[in-house]
Amino acid sequence: MTKALKDKIIESLTSILPIALIIIVLSVAFTPLKAGTFALFTVGVVLLIIGMGCFTLGADMSMLVIGEKIGSAMTKSRKVWLIALLSFIIGIIVTVAEPDLQILAKQVGNLKPEWGFFGKNLLIVVVAIGVGIFLMIAMLRIVFRIRLSILLIIFYVGAFIASIFVPKEFWAVSFDAGGVTTGPMTVPFIMSLGVGVASIRSDKKGQSDSFGLVALSSVGPIIAVLTLGIIFNITKIDDSYYPLVPPDDTRKVAWDYLCGFGDYALEVLISIAPIIVFFLIFQLATRAFHKRQIAKIFIGFAYTFIGLVVFLTGANVGFMPVGRRIGEELAKLWGGWLLIPVGMIVGYFVVAAEPAVHVLNKQVEKTSAGAISSKAMKYGLCIGVCIAIGLAMTRILTGINIMWILIPGYAIALVLTFFTPPMFTGIAFDSGGVASGAMVSSFVLPMAIGACHELNPEAIMTQAFGCVAFVALAPLITIQILGIAYKRKTSKIKRTFLSVEDKVLEYEVD
Numbered sequence: 079m080t081k082a083l084k085d086k087i088i089e090s091l092t093s094i095l096p097i098a099l100i101i102i103v104l105s106v107a108f109t110p111l112k113a114g115t116f117a118l119f120t121v122g123v124v125l126l127i128i129g130m131g132c133f134t135l136g137a138d139m140s141m142l143v144i145g146e147k148i149g150s151a152m153t154k155s156r157k158v159w160l161i162a163l164l165s166f167i168i169g170i171i172v173t174v175a176e177p178d179l180q181i182l183a184k185q186v187g188n189l190k191p192e193w194g195f196f197g198k199n200l201l202i203v204v205v206a207i208g209v210g211i212f213l214m215i216a217m218l219r220i221v222f223r224i225r226l227s228i229l230l231i232i233f234y235v236g237a238f239i240a241s242i243f244v245p246k247e248f249w250a251v252s253f254d255a256g257g258v259t260t261g262p263m264t265v266p267f268i269m270s271l272g273v274g275v276a277s278i279r280s281d282k283k284g285q286s287d288s289f290g291l292v293a294l295s296s297v298g299p300i301i302a303v304l305t306l307g308i309i310f311n312i313t314k315i316d317d318s319y320y321p322l323v324p325p326d327d328t329r330k331v332a333w334d335y336l337c338g339f340g341d342y343a344l345e346v347l348i349s350i351a352p353i354i355v356f357f358l359i360f361q362l363a364t365r366a367f368h369k370r371q372i373a374k375i376f377i378g379f380a381y382t383f384i385g386l387v388v389f390l391t392g393a394n395v396g397f398m399p400v401g402r403r404i405g406e407e408l409a410k411l412w413g414g415w416l417l418i419p420v421g422m423i424v425g426y427f428v429v430a431a432e433p434a435v436h437v438l439n440k441q442v443e444k445t446s447a448g449a450i451s452s453k454a455m456k457y458g459l460c461i462g463v464c465i466a467i468g469l470a471m472t473r474i475l476t477g478i479n480i481m482w483i484l485i486p487g488y489a490i491a492l493v494l495t496f497f498t499p500p501m502f503t504g505i506a507f508d509s510g511g512v513a514s515g516a517m518v519s520s521f522v523l524p525m526a527i528g529a530c531h532e533l534n535p536e537a538i539m540t541q542a543f544g545c546v547a548f549v550a551l552a553p554l555i556t557i558q559i560l561g562i563a564y565k566r567k568t569s570k571i572k573r574t575f576l577s578v579e580d581k582v583l584e585y586e587v588d
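In structure tokens form, the structure reads like this:
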């Protein structure tokens, strides 16, 4: 166990260190930080490394194991109503526990329907219901063997039609919600569900169909938030921009983190408790795990809890203020145009720091039997997110309407589904949800908010928000292009092999 944890921490160190070095260079060369803010950041880096290591180990020991077992058990039951009901419940439970959604809800502020005040919890509840419904649809798609691209086209076209009937402030928040919902808590569970369901199918498309659950689960929040705006006539979104007050001394730094640990420990405990209860009910009903496995799973839950608390505290207390401050300072230099290259550099490396990305890459490599390497996936995601953050910063500077980028972007992504192998379609749309995780929410989004507040404070809801949506969009295109290249490469190898085989046969005949 000690060696496994050590390996995970080393892995997280190599992921987060590049971002930390970029921030240090920026703080020295362009955006000087006060000593208190830099102290928060330094401690935050250490906590992120430890937190990610503990979380990924815990996810391997608990979430992945439970998800696969539940997925296969649901499908073996052959009861469509049971698969639908359990998928809906699981979708809600894991979404409420999703840390990325909590981070976004905190930064969005309060939604105010004309008939009452509900605050950030309204966004969380609506998004959770959306994920529940669409995870149910995704599971039934595997059972009934419906082509993923057909559902994606229907639902994304429906989302863009629905956006016509809501205020423009809802556009960015809705698509951001779709990106952040599938994060470090949701992805391991949902992806393992798909693997479990596909594992009992004997047809060739079983493994391909194991992908796509995250993709459809990412659409749910978009449509759910847009529907909220249409039905309940949300009259206002109060952004929660507040002035930063850096700590004066090390005692204040320690106090900020101490308060953070307490707050996030309670949040994570409340969030993860329903998953544990669901696991216990499942175990009582099926007796799927023996005592030794149960003990290992609970140790995994402990690692998951500790990892999430440490990670969230480091991200929110240490990284979020630094992101805001760097955004504000970069916006003051050369008319803010430095935001674009800096954003692209950060975007390239930020993917490697996402816990859920590691889960996806390993799952892809395992399912494809090494045909699609985690290295190729990593580079595809890095390039896509690099371009996405560059576009997000360009939009802040120019005021471009978000739909001018989202509509053609999704149109290209949906057209590519007809030319790329089905497995790559599922992987690409899964990657979109996975890439836009905790690091994007806790660093990139605050950087965009800080820059927008400096350049155009009235447009935070329409211009700053949306960068998560761009991050979710980019891999849809880059990974499918990777799929087309992979298809051509394998076709060429196949043709070469057949040609050699024909020549051998011809020689034998002669």
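Residues 79 to 588, numbered by the working numbering, are exactly what the sequence shown covers, in order.
Note that beta-carbon positions come from the ideal geometry of N, C-alpha and C, so glycine has one too.
Note that the coordinates shown come from a computational prediction; the quantities given were computed from them, not determined experimentally.
- When secondary structure is reduced to three states using DSSP, Leu411 falls in the coil class, being assigned neither helix nor strand.
- Between the alpha carbons of Ile384 and Ser520 lies a gap of roughly 19 Å.
- Taking C-beta separations shorter than 7 Å and ignoring five residues to either side along the sequence, the partners of Lys440 in its chain run Ser452, following chain order.
- The Cβ atoms of Ile301 and Ala351 lie no closer than 8 Å to each other.
- Shown here, Val323 sits in coil according to DSSP, grouped into three states, outside any helix or strand.
- Cβ-Cβ separation between Gly396 and Gly528: approximately 15 Å, too far for a contact (criterion under 8 Å).
- Your pair Val388 and Val303 does not check out as a contact, with CB atoms roughly 30 Å apart and the cut at 8 Å.
- Using a Cβ distance threshold of 8 Å, Ala206 and Ile181 do not count as a contacting pair.
- Going by DSSP, Lys456 is part of the alpha helix (DSSP H) stretching over Ser452 to Thr476.
- Ala506 and Gly210 have their alpha carbons spaced roughly 21 Å apart.
- Counting along the chain, Met139 sits inside no alpha helix (DSSP H), nor does DSSP assign it H or E at all.
- For Gly396, the secondary structure class from DSSP, reduced to helix, strand or coil, is helix.
- Contact annotation, Leu118 with Ile168: C-beta distance approximately 36 Å; criterion of less than 8 Å not satisfied.
- Here the region 544 to 551 lies against the region 460 to 467, with 3 or more beta-carbon pairs under 8 Å apart.
- Here the region 506 to 518 makes contact with the region 256 to 267; the two share three or more CB pairs at distances below 8 Å.
- Contact between the region 102 to 114 and the region 337 to 356 is absent: fewer than 3 CB-CB pairs across the two stretches fall below 8 Å.
- Assignment of Asn199 by DSSP, reduced to helix, strand and coil, places it in the helix class.
- Selection Ile348, Glu247, Thr260 and Gly405 evaluated against Gly208 yields Thr260 as nearest (Cα-Cα).
- Residues Ile87, Ser90, Leu91 and Ile94 of the same chain have their beta carbon placed closer than 7 Å to that of Ile127, with the five preceding and five following residues left out of the count.
- The three-state secondary structure of Arg566, taken from DSSP, is helix.
- For Val424 and Ala107, the gap between their C-alpha atoms comes out near 16 Å.
- For the set Arg225, Phe116, Gly136 and Ile404, the Cα lying nearest the Cα of Cys530 is the one of Ile404.
- Per DSSP, Arg156 lies in no alpha helix (DSSP H) segment and is marked neither H nor E.
- Judged by DSSP in its simplified three-state form, Thr92 adopts helix.
- Between the region 121 to 135 and the region 354 to 371, the count of Cβ pairs shorter than 8 Å is below three; the stretches do not touch.
- The alpha carbon of Phe367 has as its nearest neighbour, out of Ala82, Val143 and Phe116, the alpha carbon of Val143.
- Counting other Cβ atoms within 10 Å of its Cβ, Gly129 reaches 16 or more and is therefore classed as buried.
- Leu416 and Ala409 have their C-alpha atoms spaced approximately 8 Å apart.
- Within its own chain, the residues whose Cβ lies closer than 7 Å to the Cβ of Glu532, once the five positions on either side in sequence are excluded, are Glu406, Ala409 and Lys410, listed in chain order.
- Look at the beta carbons and you see the region 473 to 482 touching the region 533 to 545: at least three pairs across the two are nearer than 8 Å.
- For the pair Leu306 and Val204, the CB atoms are nearer than the 8 Å cut-off.
- In the structure shown, Ala175 falls within a coil segment according to DSSP collapsed to helix, strand and coil.
- DSSP places Lys147 in the helix class (H, G or I) of the three-state scheme.
- Note on geometry: alpha-carbon atoms of Thr382 and Ile375 lie some 10 Å from one another.
- DSSP places Gly378 inside the alpha helix (DSSP H), whose first and last residues are Lys369 to Thr391.
- A straight-line Cα-Cα distance of about 29 Å links Ile480 and Ala454.
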